[in-house]
Amino acid sequence: MPPDVTVVKSALADIDGAEVAHSGIGVVARVPVASVTRALDALKESPHAFTMLVDFFGTDTGAGVEFTYLLRSLSRDEEVYVRATVPYAGELVSAWNIFPALLLPERETAELFGLSLAGHPNPKRLLTVEGIEPLLLKSVAIRTLEEVRDR
122 MPPDVTVVKS
132 ALADIDGAEV
142 AHSGIGVVAR
152 VPVASVTRAL
162 DALKESPHAF
172 TMLVDFFGTD
182 TGAGVEFTYL
192 LRSLSRDEEV
202 YVRATVPYAG
212 ELVSAWNIFP
222 ALLLPERETA
232 ELFGLSLAGH
242 PNPKRLLTVE
252 GIEPLLLKSV
262 AIRTLEEVRD
272 R
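Offset between the sequence shown (1-based) and the numbering used here: plus 121.
Written out as structure tokens, the structure reads:
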């Protein structure tokens, strides 16, 4: 269930640039990328206790890479989405110290979108080697003409 929008707004009141609205998927909080960790911590420590990270993923929107964190309050059976957009080849600030389950997904996502990962204890590549283009960017061709022709 989505929480009341005012509850999330009050939890993020100290975050400059935070926008909270109800959308088709539920309550979505859009925050500046520099404030993601503060927003996640504020929601986790709020009276509604969004203490469980359910999902984390990135999407190439064409204007940058949008990261989505899905948080759940187990005590209230409510969910909230937190979104932030990172410019291409930008820097994602790690939130692993708030939600330790982010250790591997952050590495994987940063690598597959060609971003650097700040504040992570082990920001090395996880799936590919140096020289491989970021596989999930829209600008990177999935198959080259030669690969298709030589099948």
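All C-beta atoms in this analysis are idealised placements derived from N, C-alpha and C, irrespective of residue type, glycine included.
Residues near Leu247 in its chain [Cβ-Cβ closer than 8 Å; skip 5 each side]: Leu225, Arg228, Glu229 and Glu232
C-alpha distance - Ala114 paired with Met173, whole-angstrom precision: The requested residue 114 is not part of the displayed model; the chain covers only 122 to 272.
Closest residue to Gly185 among Glu166, Pro208, Glu199 and Ser196 (Cα-Cα distance): Pro208
Minimum length 4: unbroken alpha helix (DSSP H) runs contained in the segment 129-179: 157-166
Neighbourhood of Leu238 by C-beta distance below 7 Å, restricted to the same chain and skipping five residues each side: Leu213, Ser215, Glu227, Arg228, Ala231 and Pro244
Exposure of Glu199, with buried meaning 16 or more beta-carbon neighbours within 10 Å: buried
7 Å CB neighbourhood of Lys130 in its chain, flanking five on each side removed: Val141
Closest Cα partner of Gly183 within the set Ile263, Leu257 and Pro242: Leu257
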